[in-house]
Amino acid sequence: MDVPTVDSINLSPGGIPKRPVESIEVSDAGLLGDGHDHEKHRTPLQAVSLLDVELLDALRAESGIPLTAGSLGENFTLRGVGVQRLGAGDRLHLGGDDGVILEVTRVRPPCYVLDVLSPDFKRVLWNRIGMYASVIRRGQVTTGEPIRIELRAAEIRPLVREPKGGCIDGSSIARSVLADQGLLPVIDDPKGRDSLAAETPKTKPRT
10 MDVPTVDSIN LSPGGIPKRP VESIEVSDAG LLGDGHDHEK HRTPLQAVSL
60 LDVELLDALR AESGIPLTAG SLGENFTLRG VGVQRLGAGD RLHLGGDDGV
110 ILEVTRVRPP CYVLDVLSPD FKRVLWNRIG MYASVIRRGQ VTTGEPIRIE
160 LRAAEIRPLV REPKGGCIDG SSIARSVLAD QGLLPVIDDP KGRDSLAAET
210 PKTKPRT
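Taking the numbering used here, I'd label the letters of the sequence shown as residues 10 to 216.
Dropping the structure here:
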């Protein structure tokens, strides 16, 4: 299994698309220089947003829209992680044992800003455009760094959120895409936790 990595770091003063940067400082409030200009986004529980590149690639093929990292407004586009199969409380260690630590907090719902890409996106993207996370440990993150997954969730995996009026639950589509990429859904039992931990390579501390 390939080592999970930070595929892209994305930020903007506000709105989408967010533009890729090579490296960024992560504070308790999120990415330094990234816009949090909507009141509902200004909370430590939504400090950063995470998206699987595998889901982004599948959505690009499905929609015909030339989506790239940051097109959907995510801060971190991750490869080989399967964020959409994790639960609230699971943690991602970015860049090694002394690097940034993020904790998955909640499902990221489709936002009105996606209307600039397609008026239908808010309806069809529920439970498949990633998660929000809080910052447990601050620091610097660089594109290409390895990620270690720490399974700590007390709730059932994968974390999903009930779609609001007229929206379509895309959680089954997300799980199917991740399974096709070898990122099988995490089963919420000790065996499932052990199996994912065994698949996730340990990273060496920075020197």
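Ideal Cβ positions, reconstructed from N, Cα and C, are used throughout, including at glycine.
What you are looking at is a predicted structure, and each value in this text was computed from that prediction instead of being measured.
Taking Cβ to Cβ, would you say residue i is nearer than 8 Å to residue j?
i: G139; j: V92; result: yes
i: A78; j: L111; result: no
i: P167; j: R88; result: no
i: R137; j: S180; result: yes
i: L103; j: V15; result: yes
i: V35; j: V150; result: yes
i: N84; j: L160; result: no
i: L65; j: I158; result: no
i: V122; j: I25; result: yes
Work out the CA separation of residue j and residue i for me, nearest whole Å.
i: P199; j: A162; result: In this predicted model, P199 has a pLDDT of only 42, less than 50, meaning its place in the structure is not dependable enough to derive any value.
i: S117; j: G191; result: Checking the displayed sequence, the identity of residue 117 turns out to be Arg instead of Ser. One C-alpha to the other measures close to 23 Å.
i: G23; j: T86; result: 18 Å
i: L126; j: L81; result: 9 Å
i: I18; j: A188; result: 24 Å
i: G44; j: V133; result: 25 Å
i: E11; j: R28; result: Reading off the sequence, residue 11 comes out as Asp, not Glu. Near 26 Å, if we compare the C-alpha coordinates of R28 and D11.
i: L95; j: I145; result: 17 Å
i: S41; j: R184; result: Sequence check: residue 41 is Leu here, not Ser. Looking at the two C-alpha atoms, the distance is approximately 32 Å.
i: A67; j: I182; result: 10 Å
i: S8; j: D37; result: Beyond the ends of the chain as shown, which are 10 and 216, falls residue 8; an answer cannot be given.
i: Q55; j: R115; result: 8 Å
i: G153; j: D124; result: 30 Å
i: F130; j: P119; result: 7 Å
i: W135; j: V30; result: 27 Å
i: L193; j: A97; result: 18 Å
Around the C-beta of residue i, are 16 or more other C-beta atoms found within 10 angstroms, so that it is buried, or is it exposed?
i: A70; result: exposed
i: S32; result: exposed
i: L205; result: For L205, the pLDDT reaches just 45, beneath the cut-off of 50, and the residue's location in the model is therefore unreliable, leaving the point undetermined.
i: P128; result: exposed
i: D106; result: exposed
i: E171; result: exposed
i: D99; result: buried
i: P53; result: exposed
i: G39; result: buried
i: I156; result: buried
i: E259; result: Outside the shown range of the chain, which is 10 to 216, sits residue 259, and nothing can be said about it.
i: I74; result: exposed
i: G108; result: buried
i: D203; result: Any reading at D203 needs caution, since the residue's pLDDT is 40, under 50, leaving its predicted position unreliable; the model's value is listed next. The residue in question, D203, is exposed, as its Cβ has fewer than 16 Cβ neighbours within 10 Å.
Taking 8 Å as the threshold, find out whether the region 55-63 comes into contact with the region 162-180 through three or more Cβ pairs.
no
Whole runs of the beta strand (DSSP E) within the region 129-170, excluding any shorter than 3 residues: 140-146, 148-151, 156-159
Practice prompt. Jot down the residue ranges of each uninterrupted beta strand (DSSP E) in the region 25-65, minimum 3 residues, whole runs only, in chain order.
Written response: 28-30, 32-36, 57-61
Entirely within the region 72-103 and at least 3 residues each: give me those beta strand (DSSP E) ranges in chain order.
85-88, 100-103
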